[in-house]
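Residues in the sequence shown are numbered from 704 upward in steps of one, following this note's numbering. All C-beta atoms, glycine included, are put in the ideal place defined by N, C-alpha and C. Since the structure comes first, as structure tokens, the remarks are kept for the end.
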Amino acid sequence: MTRASRPAGLASEVLVAADAVSLGYGRTIVVRDVSLHIRPGTATGIAGESGSGKSTLAKALVGDLTPMAGRVTVNGRSWSDVHRRDPERRRVQMIFQDPYSALNPRMTARQAISETLTVVCGVPRAEAGQRAGELLTRAGLSGAAIDARPHRLSGGQRQRVVIARAIACEPDLLIADEPTSSLDVSIQAQILDLLVDLREERGLALVLVSHDLAVLRHMTDTCLIMRDGNVVERGPTERVLSQPQHEYTRTLVAAHQGEETSVGSHHGAEEDT
């Protein structure tokens, strides 16, 4: 897996901005006073332990969650002013953590993408089927899998369908919430490489939510470390993960290094037997 290169000549515009945002469910505050600006072509990582608020922040960035305080905007407009059929919605798409629950079990892969193309992107229905097949092929799905329903697809294949749907309307920003957490290691690498390729081909901006610091190191330019709903550290990914300033970040990095050592020792023991 190689680090995605940042496209040359980045615009100064902000695609999506979160300004002093607090988020929650009911009266429970999950994210507190967080600000984040996403610009074209950039790759931003969000890391933290389970319950830190990183997935909740991702939902707000894509417009699926209304802030309790503060404001989230897309191209300068509040998400609350952007209705479902507004073309602005196409600019930001999300890749969900669980690809199975994100798909309609009654639709084949081709039908799922065709529906997005016609309903969201305005592609004529007569063209949608062929376009859907092309998108699925680009996402790495082939043969009978293109016309199979989700229960007949592997986890990796389902995630490819979700990615194909996310890029169908040619967005400017992809937000990926733990996109490989439910996949085998070899399939994880394939999906991450696909995201890298899509960034390079289309100049996409990427927000990647992940607990895997190695993934963030290779995939992102800058990162935020979250704990208990707060951003405790942010900056260039390499600096944050190599020379962490906050005690919590140092703890995360040390724990990740310990996991890597443990996995390496386990593999070595297997090879010796």
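Exercise. Can you find at least 3 beta carbon pairs, one from the region 826 to 843 and one from the region 809 to 818, that sit closer than 8 angstroms?
Worked result: Touching, yes.
Exercise. What first and last residue would you give for the alpha helix (DSSP H) that runs through residue 922?
Worked result: Counted from its first residue, the sequence shown places residue 922 at position 219. Counting along the chain, the alpha helix (DSSP H) containing residue 922 begins and ends at 916 to 922.
Exercise. Does the region 840 to 851 come within contact of the region 883 to 890, defined as at least 3 CB pairs closer than 8 angstroms?
Worked result: Flag = no, the region 840 to 851 and the region 883 to 890 do not touch.
For this session: Measure from the alpha carbon of residue 845 to the alpha carbon of each residue in 746, 824, 811, 787, then state which is nearest.
Result: As a first step, residue 845 is located in the sequence shown; it is residue number 142 there, counting from the start. The option with the nearest alpha carbon to residue 845 is 811.
For this session: Would you decide whether residue 888 is buried or exposed? Buried here means 16 or more other CB atoms lie within 10 Å of its CB.
Result: Indexing the sequence shown from 1 puts residue 888 at position 185. Its Cβ having fewer than 16 others within 10 Å, residue 888 is exposed.
For this session: For residue 852, name the three-state secondary structure that DSSP assigns.
Result: Counting from one through the sequence shown, the residue named residue 852 turns up at place 149. DSSP places residue 852 in coil when its eight states are reduced to three.
Problem set entry | C-alpha gap between residue 855 and residue 895, whole angstroms | Along the sequence shown, one-based indexing puts residue 855 at 152. Along the sequence shown, one-based indexing puts residue 895 at 192. In a straight line, the C-alpha of residue 855 is about 23 angstroms away from that of residue 895.
For this session: Could you check the C-alpha separation between residue 940 and residue 890 for me, to the nearest Å?
Result: On the sequence shown, position 237 is the one that residue 940 refers to. On the sequence shown, position 187 is the one that residue 890 refers to. For residue 940 and residue 890, the distance between alpha carbons rounds to 24 angstroms.
For this session: Determine the closest residue to residue 902 out of 717, 746, 864, with distance taken between C-alpha atoms.
Result: To locate residue 902, count along the sequence shown from 1; it is residue 199. Taking residue 902 as reference, the option from 717, 746, 864 with the minimal CA-CA separation is 746.
For this session: Please name the residue or residues paired with residue 746 in a DSSP beta bridge.
Result: In the sequence shown, the residue the question calls residue 746 occupies position 43. Looking at the DSSP assignment, residue 746 forms a beta bridge with 909.
Exercise. With C-beta atoms as the reference, is residue 751 less than 9 angstroms away from residue 914?
Worked result: As a first step, residue 751 must be located in the sequence shown, where it is residue number 48. As a first step, residue 914 must be located in the sequence shown, where it is residue number 211. Judged by their CB atoms, residue 751 and residue 914 are nearer to each other than the 9 angstroms cut-off.
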